[in-house]
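For the protein sequence lines, the chains are S and D, in the order given.
Position one of the first sequence corresponds to residue 0 (numbering that gives the first Met the number 0), numbered consecutively onward.
Position one of the second sequence corresponds to residue 0 (numbering that gives the first Met the number 0), numbered consecutively onward.
Written out below as structure tokens is the structure these notes cover.
Number of protein chains: 2
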Amino acid sequence: MSIDKVGSFGFVAEPFHVDFTGRLTMSVLGNHLLNCAGFHAADRGFGMATLNDYHYTWVLSRLAIELERMPRQYEKFTIQTWVENVYRLFTDRNYAILDEQGNPLGYARSIWAMISMETRKPTDLLSLHGGSIVDYICQDKECPIDRPGKIKVSDEHPVGEYRAQYSDIDINGHVNSIKYIEHILDLFPMEMFKTKQIKRFEMAYSAESYYGDTLSFYRDEVKTDEYDIEVKKNAGDIVCRSKVIFI
Amino acid sequence: MSIDKVGSFGFVAEPFHVDFTGRLTMSVLGNHLLNCAGFHAADRGFGMATLNDYHYTWVLSRLAIELERMPRQYEKFTIQTWVENVYRLFTDRNYAILDEQGNPLGYARSIWAMISMETRKPTDLLSLHGGSIVDYICQDKECPIDRPGKIKVSDEHPVGEYRAQYSDIDINGHVNSIKYIEHILDLFPMEMFKTKQIKRFEMAYSAESYYGDTLSFYRDEVKTDEYDIEVKKNAGDIVCRSKVIFI
Numbered sequence: 000m001s002i003d004k005v006g007s008f009g010f011v012a013e014p015f016h017v018d019f020t021g022r023l024t025m026s027v028l029g030n031h032l033l034n035c036a037g038f039h040a041a042d043r044g045f046g047m048a049t050l051n052d053y054h055y056t057w058v059l060s061r062l063a064i065e066l067e068r069m070p071r072q073y074e075k076f077t078i079q080t081w082v083e084n085v086y087r088l089f090t091d092r093n094y095a096i097l098d099e100q101g102n103p104l105g106y107a108r109s110i111w112a113m114i115s116m117e118t119r120k121p122t123d124l125l126s127l128h129g130g131s132i133v134d135y136i137c138q139d140k141e142c143p144i145d146r147p148g149k150i151k152v153s154d155e156h157p158v159g160e161y162r163a164q165y166s167d168i169d170i171n172g173h174v175n176s177i178k179y180i181e182h183i184l185d186l187f188p189m190e191m192f193k194t195k196q197i198k199r200f201e202m203a204y205s206a207e208s209y210y211g212d213t214l215s216f217y218r219d220e221v222k223t224d225e226y227d228i229e230v231k232k233n234a235g236d237i238v239c240r241s242k243v244i245f246i
Numbered sequence: 000m001s002i003d004k005v006g007s008f009g010f011v012a013e014p015f016h017v018d019f020t021g022r023l024t025m026s027v028l029g030n031h032l033l034n035c036a037g038f039h040a041a042d043r044g045f046g047m048a049t050l051n052d053y054h055y056t057w058v059l060s061r062l063a064i065e066l067e068r069m070p071r072q073y074e075k076f077t078i079q080t081w082v083e084n085v086y087r088l089f090t091d092r093n094y095a096i097l098d099e100q101g102n103p104l105g106y107a108r109s110i111w112a113m114i115s116m117e118t119r120k121p122t123d124l125l126s127l128h129g130g131s132i133v134d135y136i137c138q139d140k141e142c143p144i145d146r147p148g149k150i151k152v153s154d155e156h157p158v159g160e161y162r163a164q165y166s167d168i169d170i171n172g173h174v175n176s177i178k179y180i181e182h183i184l185d186l187f188p189m190e191m192f193k194t195k196q197i198k199r200f201e202m203a204y205s206a207e208s209y210y211g212d213t214l215s216f217y218r219d220e221v222k223t224d225e226y227d228i229e230v231k232k233n234a235g236d237i238v239c240r241s242k243v244i245f246i
């Protein structure tokens, strides 16, 4: 295994980043994972800053996180990240979340596309920088969690509604990927987090939403403690879907 | 000036921590300031972890931030922090926010009390650890911004309402100090942040609020671009007040 294909980044669970149980929140973990992807890609010439010069940008399509447990307040932890596969239009990036002793707390999988900032259309990853992105593929590191799966919601009555505000909006003018995680988990009552923890969390991003958009949240309990969630904007397009499995 | 009285911590403005203008959000800056206070106090034996053993905890009473400009996405910046004064029941902790070249981007002032975790009553700072906290006072470092001032709201019609949810609540079971900043700034329309920036921001914390509490936001425009805000819970007690000055 070529270790330099794996990026490694240290963190500590800060007081305002843990929930009432004292464990890191899923949205903060998601933020750290996306930052690690950014750092790791930047070090290899595929970061946002470099890409922007060529008028390309990375877009997160799927994210799946599966955990034994979340880091606790003040606990130090490490996130490792590596590229598992590169296809023409998508790349699979994986993560391991490790405790201070290097034991896995959990794993994550993400799927990214690269789009042109002008046309917003996906571009061919294999043609970029003479195809050098494939040099960073690392297939000998294990990520023992399922790939992102199908999420389907049939309920037609929203369980929640939210109007996108100033603090939801990122530099691109979109509701940021992390804020959806927060709003989705806020659909669940406190009791849920008191008695259970999240075993697996998935996001599938389909469309952008903007300042002032009304987001409606639909939810099916697929089986006990497993929920599929769909977010629509302005009673129309699907913005994203999520799966939350508690244990 | 004894430099070891001043703590110094490095940061970078992360993509999900900047707003649609590409500048660090006030709530993220507030979070960093409070973390720096925590790190700095912990290094000197007055951190939360140590205090909790003695059943004491720090409580933030006031925060005032004044800025030339906010760090921009991916910009590196440094936060310095030091203790300016220690009184029997309060301590003044100041901050400088510096750019990569060490030029000030802004300053902040905070006022803290220490309370007993059992009685929730303030304790005498000067009697703790044999009064050794005064050894950390640093009065030869300048903090050229006004102290937190008076905030008074007379309007009786709320401009916003919000029900505290899972993601608002910290390890103590309270709405966390940083989330109030987010909710207060969400009272302003996007136009405000498009054309102006925040010159000065103040918070005054009076009472705790909890999961399920309805927070009502009252606002006076004291003068052009200067707003006083008051947050009440369940149409009763004042939870906190804030002043926002745009330029």
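A virtual CB, placed ideally from N, CA and C, is assigned to each residue, including glycine.
D/Y217 to D/R146 span [Cα, whole Å]: 23 Å
Cutoff 8 Å: S/Q164 Cβ touching any chain D Cβ: yes
Proximal residues to D/L125 (C-beta, below 6 Å), its chain only, five neighbours per side dropped: R87
Counted within 10 angstroms of its Cβ, other Cβ atoms place S/D236 as buried (16 or more) or exposed: exposed
Chain-ordered neighbours of S/I170 on chain D, where CB pairs are closer than 8 Å: P14, V17, D18, F19, T20, G21, Q72
One or two residues paired with S/V174 in a DSSP bridge: S/I168
Cutoff 6 Å; reference S/A95; Cβ partners in own chain excluding five residues on either side: Q79, P103, Y106
Partner residues on chain D for S/A48, Cβ-Cβ distance less than 9 Å: Y73
Neighbouring residues, chain D, relative to S/F192 (Cβ below 8 Å): Y165
Segment contact, 8 Å Cβ cut-off, at least three pairs: the region 64-80 of chain D with the region 31-51 of chain D: yes
Where S/G159 falls: helix, strand or coil (DSSP): strand
Helix, strand or coil at S/L97 [DSSP, three-state]: strand
Best match in S/S215, S/T20, S/A41 for proximity to S/D52 [C-alpha to C-alpha]: S/A41
S/Y55 in three-state terms, based on DSSP: strand
S/P70 burial status per 10 Å Cβ neighbour count (16 or more: buried): buried
Selection from D/E13, D/Y135, D/V230, D/V27 that minimises the alpha carbon distance to D/Y161: D/V230
Validate contact between the region 202-221 of chain D and the region 149-160 of chain D using beta carbons, cut 8 Å, 3 pairs: yes
Neighbour flag for D/M189 against chain S, beta carbons, 8 Å: yes
S/I197 beta carbon less than 8 Å from that of S/M247: Lying before the first or after the last residue shown, residue 247 of chain S is absent from chain S, which here runs from 0 to 246.
Cα-Cα separation, S/V238 to S/E201: 14 Å
Residue of S/D212, S/I180, S/G129, S/S115 minimising C-alpha distance to S/A163: S/D212
8 Å contact criterion, which D/S215 and D/V174 should meet: CB distance rounded: Not confirmed; about 13 Å, so no contact.
Interface flag, D/D185 vs chain S, CB-CB below 8 Å: yes
Short CB-CB distance (under 8 Å) between D/N34 and chain S: yes
Rounded C-alpha distance that separates D/I170 from D/I144: 32 Å
Assigned exposure category for S/E117 - 16 Cβ within 10 Å defines buried: exposed
Buried versus exposed call for S/A63 [16 or more other C-beta atoms within 10 Å across all chains shown]: buried
Min CB distance S/N51 to chain D below 8 Å: no
N- and C-terminal bounds of the beta strand (DSSP E) containing D/E225: 225-232
Collapsed DSSP secondary structure at D/G129 in the structure displayed: helix
Residue burial classification, D/H128 (beta-carbon count within 10 angstroms, cutoff 16): exposed
Rounded straight-line distance, which links the Cα of S/W111 to that of S/P121: 10 Å
CB contact check: S/G37 to chain D, cutoff 8 Å: yes
Buried or exposed (CB count within 10 angstroms, at least 16 for buried), S/E190: exposed
8 Å Cβ cutoff met for S/L240 and S/D227: Checking the sequence, you will find Arg at residue 240 of chain S rather than Leu. Cβ distance < 8 Å, so S/R240 and S/D227 count as in contact.
S/A41 - partner residues in DSSP beta bridges: DSSP output for S/A41 lists no bridge partner at all.
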